[in-house]
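J.: In case it helps, our numbering puts the sequence shown at residues 362 to 556.
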Amino acid sequence: MLDPSFFSYVTVMSITPGPNNLLLATSGVNFGFKRTLPMLFGILLGCAIQMLLASMALDVLLHWMASIRLPLTVVGCSYLLWLSWKIFRAAAPEARERPRPMTLVGGICFQAVNPKAWLMVTNVALMYANSNGVITVLLGFAALNLPCILIWAAMGDRLRSHLQVAWKRQAFNSLMALSLVATTAWMLYDAVLLS
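1) For Thr377, tell me which candidate among Phe392, Arg430, Pro508 has the shortest Cα-Cα distance.
2) Compute the Euclidean distance between the alpha carbons of Ala386 and Ala486, then round it to the nearest angstrom.
3) For the alpha helix (DSSP H) containing Pro365, name the first residue and the last one.
4) One question on the structure: do Pro476 and Met400 come within less than 7 Å of each other, judged by their Cβ atoms?
5) Put Gly389 into one of helix, strand or coil per three-state DSSP.
6) Is Pro365 buried or exposed, if buried means 16 or more other CB atoms sit within 10 Å of its CB?
7) By Cβ distance, which residues of its chain are closer than 8 Å to Leu499, with the 5 residues on each side in sequence left out?
8) Compare the C-alpha of Leu405 against each of Thr464, Arg396, Asn506 and name the closest.
9) Between which two residues does the alpha helix (DSSP H) carrying Val495 extend?
10) Where does Pro399 fall in DSSP's three states?
11) Measure the alpha-carbon distance for Thr434 versus Leu520 and round it to whole angstroms.
12) When we look at the beta-carbon of Gly494 and count the other beta-carbons within 10 Å, is it buried (16 or more) or exposed?
Written out as structure tokens, the structure reads:
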């Protein structure tokens, strides 16, 4: 049986701002809730795959993560900065050629370079997988993570109707891009401090 600390940890890590949630909110604003769902389920599946990998190879992962934490963070943060630029430059609502939302596969693959996701699943695997069983932890994790990330996609979708004016959409995209840059800077700072 999973203890209350599992529920609080996964919920807090899943609901707080981070790369996944900022991208989900931005996608909800720019593409709507339905078109954001493939990315959302990709994020959920990507985290589940990470959780499974982290739980099954915990000893190896701990040694491996210690040696590649900084390079993984730099690669992940570089990708986040590129995404920030793409968000900042996102087309206005009336533009003819709209960018497409991230796909299911894109959402899964994004987890490989998302430092917050790695931190979250590694901690959950360390604290809960051995004593509760991998499948129980995986199902509990998915059950808690899904509503948290749905909130961000739905919030973006709700904001969409208020952001139909080009300058408002650009202001929102700029704010999301700057938030992602700030998140990236914090993760890089943290990684360098721990190295």
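Backbone N, C-alpha and C fix where the C-beta goes; we use that ideal spot for every residue, glycine too.
Remember, predicted model here, so these are calculated numbers, not experimental data.
T.: Put simply:
1) In the sequence shown, the residue the question calls residue 377 occupies position 16. The candidate whose alpha carbon is nearest that of Thr377 is Pro508.
2) On the sequence shown, residue 386 is found 25 positions in, with the first residue counted as 1. On the sequence shown, residue 486 is found 125 positions in, with the first residue counted as 1. Cα to Cα, the separation comes out at about 27 Å.
3) Mapped onto the sequence shown, residue 365 falls at position 4. From DSSP, the alpha helix (DSSP H) with Pro365 extends over 365-376.
4) The residue given as residue 476 occupies position 115 in the sequence shown. The residue given as residue 400 occupies position 39 in the sequence shown. For Pro476 and Met400, no; Cβs fall outside 7 Å.
5) By 1-based counting over the sequence shown, the position of residue 389 is 28. Gly389: helix per DSSP, three-state reduction.
6) For the purposes of this step, residue 365 is identified with residue 4 of the sequence shown, where counting begins at 1. Taking all protein chains in view, the Cβ of Pro365 is surrounded by fewer than 16 other Cβ atoms within 10 Å, so the residue is classified as exposed.
7) One-based indexing of the sequence shown puts residue 499 at position 138. So the qualifying residues of the chain are Ala409, Met412, Leu413, Ser416.
8) Along the sequence shown, read from residue 1 onward, the residue named residue 405 stands at position 44. Residue Asn506 is the option with its Cα nearest to Leu405.
9) To locate residue 495, count along the sequence shown from 1; it is residue 134. In this chain, the alpha helix (DSSP H) harbouring Val495 covers 495-521.
10) The residue you call residue 399 lines up with position 38 of the sequence shown. DSSP, read as helix, strand or coil, puts Pro399 in helix.
11) If you number the sequence shown from 1, residue 434 lands on position 73. If you number the sequence shown from 1, residue 520 lands on position 159. Straight-line Cα distance between these residues: approximately 31 Å.
12) Along the sequence shown, one-based indexing puts residue 494 at 133. Looking at its Cβ environment, which holds fewer than 16 other Cβ atoms inside 10 Å, Gly494 is exposed.
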